[in-house]
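Taken in sequence, the protein lines are chains A and B.
Using the numbering used here, you'd call the opening residue of the first sequence number 41 and step up by one each time.
Using the numbering used here, you'd call the opening residue of the second sequence number 32 and step up by one each time.
Cβ coordinates follow ideal geometry from the N, Cα and C atoms, glycine included.
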Amino acid sequence: MFSSAVGVLFDGFAYGMLLFLLSVGLSVTLGMMNFVNLAHCTFAAVGGYCTVTVVNRLGWPFLAALPIAFVAGALLSVVLERLLFRRLYRASDLDQCLVTIGIAFMSIATFAWFYTTEPQSARPPAYLLGSVELMGRSFGIYRLFLTAVGLAITALLVYSLEYTRFGARVRAAVDNQRMARGLGIDVDRAFLFTFALGGGLAGLGGALAIEVIGLESTLPLSVILVYVLIVVAVGGLGSIRGSLVAAIVLGITDTAGKYYFPWLGAFLIYLVMVALLMWRPLGLFGKR
Amino acid sequence: MANARRLEVVFWLCTLLPFVLTPNYLSLASQIAITALFALSLDLILGYAGIVSLGHAAFFGVGAYVAGLIAKHYWTEPISGLLIAGVLTGLLGYALSHIVVRFRHLALIMLTMGFGLLIAEAANSAHDLTGGADGLQGFRVPGVLGFKFDMFGRTAYAYSLGLLFFCFLICRRIIRSPFGLALRGIRENATRMPAIGAPSLSHLRKAYTMAAVVAGLAGAALTQTTSTVSLETLSFGRSADVLVILILGGAGRLYGGLIGAIVYMVARDQFSGINPQYWYFWIGLLLVAVVMFLPNGILGGFSKFLKPKN
Numbered sequence: 041m042f043s044s045a046v047g048v049l050f051d052g053f054a055y056g057m058l059l060f061l062l063s064v065g066l067s068v069t070l071g072m073m074n075f076v077n078l079a080h081c082t083f084a085a086v087g088g089y090c091t092v093t094v095v096n097r098l099g100w101p102f103l104a105a106l107p108i109a110f111v112a113g114a115l116l117s118v119v120l121e122r123l124l125f126r127r128l129y130r131a132s133d134l135d136q137c138l139v140t141i142g143i144a145f146m147s148i149a150t151f152a153w154f155y156t157t158e159p160q161s162a163r164p165p166a167y168l169l170g171s172v173e174l175m176g177r178s179f180g181i182y183r184l185f186l187t188a189v190g191l192a193i194t195a196l197l198v199y200s201l202e203y204t205r206f207g208a209r210v211r212a213a214v215d216n217q218r219m220a221r222g223l224g225i226d227v228d229r230a231f232l233f234t235f236a237l238g239g240g241l242a243g244l245g246g247a248l249a250i251e252v253i254g255l256e257s258t259l260p261l262s263v264i265l266v267y268v269l270i271v272v273a274v275g276g277l278g279s280i281r282g283s284l285v286a287a288i289v290l291g292i293t294d295t296a297g298k299y300y301f302p303w304l305g306a307f308l309i310y311l312v313m314v315a316l317l318m319w320r321p322l323g324l325f326g327k328r
Numbered sequence: 032m033a034n035a036r037r038l039e040v041v042f043w044l045c046t047l048l049p050f051v052l053t054p055n056y057l058s059l060a061s062q063i064a065i066t067a068l069f070a071l072s073l074d075l076i077l078g079y080a081g082i083v084s085l086g087h088a089a090f091f092g093v094g095a096y097v098a099g100l101i102a103k104h105y106w107t108e109p110i111s112g113l114l115i116a117g118v119l120t121g122l123l124g125y126a127l128s129h130i131v132v133r134f135r136h137l138a139l140i141m142l143t144m145g146f147g148l149l150i151a152e153a154a155n156s157a158h159d160l161t162g163g164a165d166g167l168q169g170f171r172v173p174g175v176l177g178f179k180f181d182m183f184g185r186t187a188y189a190y191s192l193g194l195l196f197f198c199f200l201i202c203r204r205i206i207r208s209p210f211g212l213a214l215r216g217i218r219e220n221a222t223r224m225p226a227i228g229a230p231s232l233s234h235l236r237k238a239y240t241m242a243a244v245v246a247g248l249a250g251a252a253l254t255q256t257t258s259t260v261s262l263e264t265l266s267f268g269r270s271a272d273v274l275v276i277l278i279l280g281g282a283g284r285l286y287g288g289l290i291g292a293i294v295y296m297v298a299r300d301q302f303s304g305i306n307p308q309y310w311y312f313w314i315g316l317l318l319v320a321v322v323m324f325l326p327n328g329i330l331g332g333f334s335k336f337l338k339p340k341n
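If you want it as structure tokens, here you go:
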């Protein structure tokens, strides 16, 4: 029981890091512009498919594909923001949901067209596979790698949002958009950058997720989207700390649930989500 | 007004045309009538009361399973099965309504989706009762009121259409009553309505319960006319589909869901023959286009077009 608990905690933590990468962008954009973007996992899928293409067809190394996945996710999110989303900031939740679901539908069909509906894979290099022995236990190297990337990005995000001028603008815009505009902050620009960053991180997450959850054309509307929304809703809008905590808790709960109560399926996760939302509709760390 | 009345009569007479014009497509027509009924039920809460739901398939699916279980284990008389399914989904809707109506915005969307997923997952886990991923099979509803369900779907379409018409009349009555007016008021401003004597939360609870009953009836009718229930009836995809259908037709107009169901189902039937996987591309494009350029759906576009310019 105890020895398995360490493994479950470790795997769950790595999974949580992945969920954090996938969802942090949505959390910030939702908090900032109140924009319900159900197409967020499309960015992840684009990152994933870019990695597959670059690694399998062009023969690039896996690690070199990761920045490309980031750029692809960021580019797509910027294009969508400029073309569609900015017209909808003042629209109702329902309209935002519908347009972004529409985009997710279109992206699913597009992926199926170019890559078929078969699951795709992009093998990481051999040195990221296998496992290491540490104090008598074995840990998957890829999961260690995931954890390291996740922690590094969290540190980078916290630094850039807490200690830079850009971060101050973003935080001001999240807290009070009108006041921020009044102080001369170009909120639209700050938002565009945030959107690009969020889309890029989702793209990176999508690339890293191939090895863990696989990559299928239905990813934009799969259970991963539900998990991402859970992280955002439970963590609280616009809260990086909240997203991180929620993602780790979700990752560990999900892994533990699959390990100890496999017959429950995803039931446990949904139950926890519904209970948490009923208890705190604004999320654990939500302010508004 | 008399003109609108005439249009309504013409519309319902047109629903009889499939019997004569397209006798080979009657099972599709029956599916359309059921989908239209489901969309009508979503219209009650979304179009009139302003409750956004991404988990409405929960009621559809529960109705479908209740009807299926009754037909499999007890008796195959459909109308009593329909009523029991309606009552049980109504009870479920009433129980959930106490939670759902308290929330708005993202929390509401997440909660309705969460309940939908929860119920779907429960049905998946309760393999012994529901058949799990294999679906519920091994029963057949032979007929209704002495008419046999034939392979051309003639009785099935008559049954679904009759149910749709009956429920439509009731919904129309509800919407045109003072209660319906109060619902629209709550949709526009939920905090002001109590001030003029309309208790927001209890009104919303009633509307939500009614929508659950209608959705359950639709699900039960689908089970009885197709003699099978699959987990798909509870899926997120079905919740999203019905939302698309309603928005496409035009929410808050009673006929929106009906028109949307006809357009959507006929288009899907025509296109999916060519390339089933890519069907969703066009649906997505349509959805974006409708929200951006036709905010009130097909019917909204029509009424704007028909209105005399002054």
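Tell me where the beta strand (DSSP E) around residue i begins and ends.
i: Arg-366(A); result: Coverage of chain A is limited to positions 41 through 328, which leaves residue 366(A) absent and any answer about it impossible.
Under a CB-based cut-off of 7 Å, is residue i close to chain B?
i: Tyr-310(A); result: yes
i: Asp-135(A); result: yes
i: Val-86(A); result: no
i: Leu-317(A); result: yes
i: Pro-302(A); result: no
i: Ile-148(A); result: yes
i: Ala-306(A); result: yes
For residue i, would you say it is in contact with chain A, using Cβ-to-Cβ distances shorter than 7 Å as the test?
i: Leu-325(B); result: no
i: Lys-340(B); result: Residue confidence for Lys-340(B) is low, a pLDDT of 48 falling below 50, so the modelled location carries little weight; the figure read from the coordinates is stated next. No, because no Cβ of chain A sits closer than 7 Å to the Cβ of Lys-340(B).
i: Glu-263(B); result: no
i: Glu-152(B); result: yes
i: Gly-281(B); result: no
i: Ile-278(B); result: yes
i: Leu-330(B); result: no
i: Val-93(B); result: no
i: His-158(B); result: no
Could you spell out the range, first to last residue, of the alpha helix (DSSP H) harbouring residue i?
i: Ser-233(B); result: 231-257
i: Val-312(A); result: 307-319
i: Cys-191(B); result: What sits at residue 191(B) in the sequence shown is Ser, not Cys. Run containing Ser-191(B): 185-206, per the alpha helix (DSSP H) assignment.
i: Ser-117(A); result: 102-123
i: Trp-43(B); result: 33-45
i: Val-92(A); result: 80-92
i: Pro-302(A); result: Segment: none, Pro-302(A) is in no alpha helix (DSSP H) and carries neither H nor E.
i: Met-224(B); result: It is not in any alpha helix (DSSP H) - Met-224(B) carries neither H nor E in the DSSP assignment.
i: Gly-145(B); result: 136-156
Using DSSP with H/G/I as helix, E/B as strand and the rest coil, what is residue i?
i: Phe-235(A); result: helix
i: Arg-273(B); result: A small correction: the amino acid at residue 273(B) is Val; Arg does not occupy that position in the sequence shown. DSSP places Val-273(B) in helix when its eight states are reduced to three.
i: Ser-257(A); result: coil
i: Phe-325(A); result: coil
i: Ser-63(A); result: helix
i: Pro-171(A); result: The residue asked about is misnamed: residue 171(A) is Ser in this sequence, not Pro. Here Ser-171(A) sits in strand by DSSP.
i: Val-268(A); result: helix
i: Leu-285(B); result: coil
i: Gly-245(A); result: helix
i: Phe-75(A); result: coil
i: Phe-53(A); result: helix
i: Val-322(B); result: helix
i: Phe-23(B); result: Because chain B spans 32 through 341 in this model, residue 23(B) falls outside it and cannot be assessed.
i: Leu-98(A); result: coil
i: Val-46(A); result: helix
i: Leu-167(B); result: strand
i: Val-260(B); result: strand
i: Ser-128(B); result: helix
i: Arg-281(A); result: helix
I'd like the list of long-range same chain contacts for residue i, defined as Cβ closer than 7 Å, with 5 residues on each side in sequence excluded.
i: Ile-63(B); result: Ala-292, Ile-293, Met-296
i: Val-184(B); result: Residue 184(B) is actually Gly in this sequence, not Val. The answer, listed in chain order, is Leu-57, Ser-58, Ser-61.
i: Leu-201(A); result: Gly-207, Val-210, Arg-211, Ile-280
Residues in the same chain with beta-carbon distance under 8 Å from residue i, minus the five sequence neighbours each way, listed in chain order, please.
i: Leu-318(B); result: Val-275, Ile-278, Leu-279
i: Leu-119(B); result: Val-93, Gly-94, Val-97, Gly-247
i: Leu-70(A); result: Val-76, Asn-77, Val-272, Leu-277, Gly-278
Can you name, in chain order, every residue of its own chain whose Cβ lies under 6 Å from the Cβ of residue i, other than the five neighbours on each side?
i: Leu-289(B); result: Ala-67
i: Ile-82(B); result: Ile-76
i: Ala-287(A); result: Gly-56, Leu-59, Phe-60, Val-271
i: Ala-242(B); result: Ser-72, Leu-75, Ile-76
i: Cys-90(A); result: Ile-108, Ala-109, Ala-112
i: Gly-121(B); result: Thr-240, Ala-243, Val-244
Strictly below 8 Å CB to CB, what residues from chain D border residue i?
i: Ile-140(B); result: Any reference to chain D falls outside this structure, whose protein chains are A and B.
Residue ranges of each alpha helix (DSSP H) within the region 48-126 of chain B, 4 or longer: 48-52, 57-73, 88-104
Those runs of the beta strand (DSSP E) which lie wholly inside the region 144-225 of chain A and span at least 3 residues: 171-174, 177-180
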